[in-house]
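Counting in numbering that gives the first Met the number 0, the sequence shown runs from 0 upward without gaps.
Working notes, beginning with the structure itself.
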Amino acid sequence: MRLRVGVVGGGLVAQAMHLHHLAARRDLFELVGLAEPSATVREALGARYGIAGLHPHYGGLLDQGELDALLVCSPAGTHAEVVLTALDAGIHVFVEKPLCITLADADAIVAARERTGLVVQVGTMKRFDPGYERMLDELPETATCLRYVSVVVNDPEFVPYFRPGEIVRGSDVSDEVLEATRRAEAEQVEAAVGSGAPDVVRAFS
Numbered sequence: 000m001r002l003r004v005g006v007v008g009g010g011l012v013a014q015a016m017h018l019h020h021l022a023a024r025r026d027l028f029e030l031v032g033l034a035e036p037s038a039t040v041r042e043a044l045g046a047r048y049g050i051a052g053l054h055p056h057y058g059g060l061l062d063q064g065e066l067d068a069l070l071v072c073s074p075a076g077t078h079a080e081v082v083l084t085a086l087d088a089g090i091h092v093f094v095e096k097p098l099c100i101t102l103a104d105a106d107a108i109v110a111a112r113e114r115t116g117l118v119v120q121v122g123t124m125k126r127f128d129p130g131y132e133r134m135l136d137e138l139p140e141t142a143t144c145l146r147y148v149s150v151v152v153n154d155p156e157f158v159p160y161f162r163p164g165e166i167v168r169g170s171d172v173s174d175e176v177l178e179a180t181r182r183a184e185a186e187q188v189e190a191a192v193g194s195g196a197p198d199v200v201r202a203f204s
């Protein structure tokens with residue numbers, strides 16, 4: 000039996016990774032819906048991957064039903080709302096990093112997951128990296144206080160990952176939607192870290 004998957008957000012990460020891989024494994028997954036505010040992107044991806052359920056807002060995607068799991072690739076400030084709504088609707092969730100912005104939202108998501116018994120997984124490229132798994136095994140025994148770790152990767156040369164035109168972009172999202180998204184994220188960042196440390200705020204934005 001194939002897992003019926005809906006996708007929220009059709010931006011770079013969804014196009015570069017998730018939609019491509021889900022479509023490549025049609026023996027395991029069925030792409031049944033996409034929620035994306037840009038009609039240009041929404042219609043192009045719907046045609047490319049044969050997605051029948053196309054919606055400007057994730058609410059329409061959830062209302063269409065027939066979903067086993069939801070893949071959340073929308074802007075970070077929308078993650079908590081989408082994840083919690085999906086869990087309340089009885090749908091498993093795979094959410095791109097970050098899970099959310101505030102600790103209160105993280106607690107709410109954990110509580111909803113425990114209440115529903117559904118799966119919530121955060122998509123981070125190092126989740127199953129053997130080096131990171133080893134570090135997690137060793138840290139409790141070797142570290143007393145881990146404050147901050149920064150890792151920078153400098154690739155030796157630029158590699159064009161995508162063919163020209165492969166990534167669909169749209170400029171037809173309304174100013175109202177863009178402003179509401181920006182404002183929601185800014186409010187969550189302020190709730191999480193305050194507004195008195197510009198460098199910290201910038202790191203979360």
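We put the beta carbon where it would ideally sit given N, CA and C, even for glycine.
Here the structure is a predicted model, which means the values were calculated and not measured.
So for GLY122, helix, strand or coil by DSSP? strand
Between VAL200 and the rest of its own chain, which residues show a CB-CB distance below 7 Å, the 5 nearest in sequence each way excluded? VAL188, VAL192, SER194
Where do the ends of the alpha helix (DSSP H) carrying ALA107 lie? 102 to 115
Three-state secondary structure assigned by DSSP to GLY130: helix
With H, G and I counted as helix, E and B as strand and the rest as coil, what does DSSP make of ARG24? coil
Which residues does DSSP list as the beta-bridge partners of GLU29? ARG3
With which residues is LEU70 paired in a DSSP beta bridge? VAL6, PHE93
Could you check the C-alpha separation between GLU113 and ASP87 for me, to the nearest Å? 12 Å
Considering only their Cβ atoms, is the gap separating SER73 from GLY116 smaller than 7 Å? no
Would you kindly check if the distance between the Cβ of ASP62 and the Cβ of LEU2 is under 7 Å? no
State buried or exposed for HIS20, treating a residue as buried only when at least 16 other CB atoms are found within 10 Å of its CB. exposed
Please name the residue, chosen from VAL12, GLY49, SER37, VAL4, that lies closest to LEU27 on a Cα-to-Cα basis. VAL4
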